[in-house]
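Asker: Take 3 as the starting number for the sequence shown in the numbering used here and just add one per residue. This structure is in structure tokens; I'll ask about it shortly.
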Amino acid sequence: MIRIKMAQAGKKSAGPRPKHVPVRMCIACRRSDAKRGLFRLVRDAEGRVSVDPTGKRAGRGAYLCHDPACWDQALKRRGLERALRVESLDPEDRAALEEIARGLVNE
Ligand SMILES: [Zn+2]
3 MIRIKMAQAG KKSAGPRPKH VPVRMCIACR RSDAKRGLFR LVRDAEGRVS
53 VDPTGKRAGR GAYLCHDPAC WDQALKRRGL ERALRVESLD PEDRAALEEI
103 ARGLVNE
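In structure tokens form, the structure reads like this:
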């Protein structure tokens, strides 16, 4: 276990982050980032997987960072299926996610 020393909250009340920022972890590289720094992927009741830009959709969620290598790993090595507990990605959903991953390369 890694011991994390908690910052003393409330000492700098004038800071731009007065509240706790939700931190999520990329399922591929396991890097943590603030929630908005990661893509949220969500599996709905029908087992369909899509990106959730609002971060509020119901369903089991998984997070991926903006690194195309992570998308590659999640899509090709079943990382996403494992994280979202689906048997296999719908080919349509997979194609849509691959499209997003391709867009990241050019960013
Ligand atoms: Zn990552």
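We treat Cβ as the ideally placed atom computed from N, Cα and C, and that holds for glycine.
Taking the C-alpha atoms as reference points, what is the distance between R59 and P70?
Answerer: Taking the straight line joining both Cα atoms gives about 24 Å.
Asker: Going by DSSP, name the residue or residues bridged to A64.
Answerer: Looking at the DSSP assignment, A64 forms a beta bridge with L43.
Asker: Which one of L86, E94, D74, V23 has the shortest CA to CA distance from R42?
Answerer: Considering only alpha carbons, the answer is L86.
Asker: Nearest to V23 by CA position, among C31, I29, A36, is which residue?
Answerer: Taking only the C-alpha atoms, the option nearest V23 is A36.
Asker: On a CA-only basis, which of S34, L66, V53 is nearest D95? Give me that one, please.
Answerer: The option with the nearest alpha carbon to D95 is V53.
Asker: Can the beta-carbon of A76 be found less than 7 Å from the beta-carbon of A30?
Answerer: Going by C-beta atoms, A76 is nearer than 7 Å to A30.
Asker: Can you tell me which of the three DSSP states R32 falls into?
Answerer: The answer is coil: DSSP assigns R32 none of H, G, I, E or B.
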